[in-house]
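The sequence shown runs 112 to 240 under our numbering. Just so it is clear, CB atoms sit at the ideal spot from N, CA and C, and this is done for glycine as well. Being a predicted model, the structure only gives us computed values, none of them experimental. Here is the structure we will look at.
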Amino acid sequence: MKFNFRGNSTKKKKILIVEDEPMSVLLIQQILKSYQFELIVATNGVDAIEKFKNTDISLVIMDLYMPEMDGFEASKRIKQISKDTPIIVISTTTIAEDDLKKDIGIDYFLAKPLNVVKFKDFIHMLLLA
112 MKFNFRGNST
122 KKKKILIVED
132 EPMSVLLIQQ
142 ILKSYQFELI
152 VATNGVDAIE
162 KFKNTDISLV
172 IMDLYMPEMD
182 GFEASKRIKQ
192 ISKDTPIIVI
202 STTTIAEDDL
212 KKDIGIDYFL
222 AKPLNVVKFK
232 DFIHMLLLA
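Written as structure tokens, this is what we have:
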């Protein structure tokens, strides 16, 4: 799957982390620390959509279960705004990966606990290749 990212490729790429658990946010930030990305955090789907509309986002990392608006609805709305921006879901859900992709528009799924090697492989494939 190939994505066309919005914005100039020489600009620092921005990743939107949509997660309501502070420890999960810290883990993702720590994993991505060695890269030169700008990390933007949203704690629920409503916040995520606003930040997505107002920022040139290259990748969304989404949790599914959050207050106010969950990741299912937020992912649908983000895909309505931009079909080209990839969404990686990191969740404890037991929903089949194919159902997530088909019904919501999520591009990639990683189960918690997070497989860091696989996560970094997605980052390299989507933003650094």
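Helix, strand or coil at residue i [DSSP, three-state]
i, result
"ALA185", "helix"
"LEU225", "coil"
"SER135", "helix"
"LYS231", "helix"
"ILE192", "helix"
Nearest-angstrom Cα separation, counted from residue j out to residue i
i, j, result
"ALA149", "MET173", "Here residue 149 is Glu; the residue named in the question, Ala, does not match the sequence. Using only the alpha carbons, I get a separation of about 16 Å."
"ILE126", "VAL171", "6 Å"
"SER290", "ILE139", "Any answer about residue 290 is impossible in this case: the structure gives the chain only from 112 up to 240."
"THR196", "ILE168", "7 Å"
"SER193", "PHE163", "9 Å"
"ILE217", "ILE199", "7 Å"
"LYS231", "ALA185", "23 Å"
"ASN119", "ASN155", "With a pLDDT of only 43 at ASN119, under the threshold of 50, the placement of this residue in the model should not be trusted, and no figure is reported."
"GLU179", "LYS187", "15 Å"
Extent of the continuous beta strand (DSSP E) run through residue i
i, result
"LEU127", "125–129"
"ILE217", "Unbroken run through ILE217: none, as it is neither H nor E."
Any non-hydrogen atom of the ligand ZN closer than 6 Å to residue i Cβ
i, result
"ASN226", "With respect to the ligand ZN, the structure shown offers nothing to examine, as it has no ligands at all."
Within the segment 141–182, note down every full beta strand (DSSP E) run reaching 3 residues or more, in order along the chain. 149–153, 170–173
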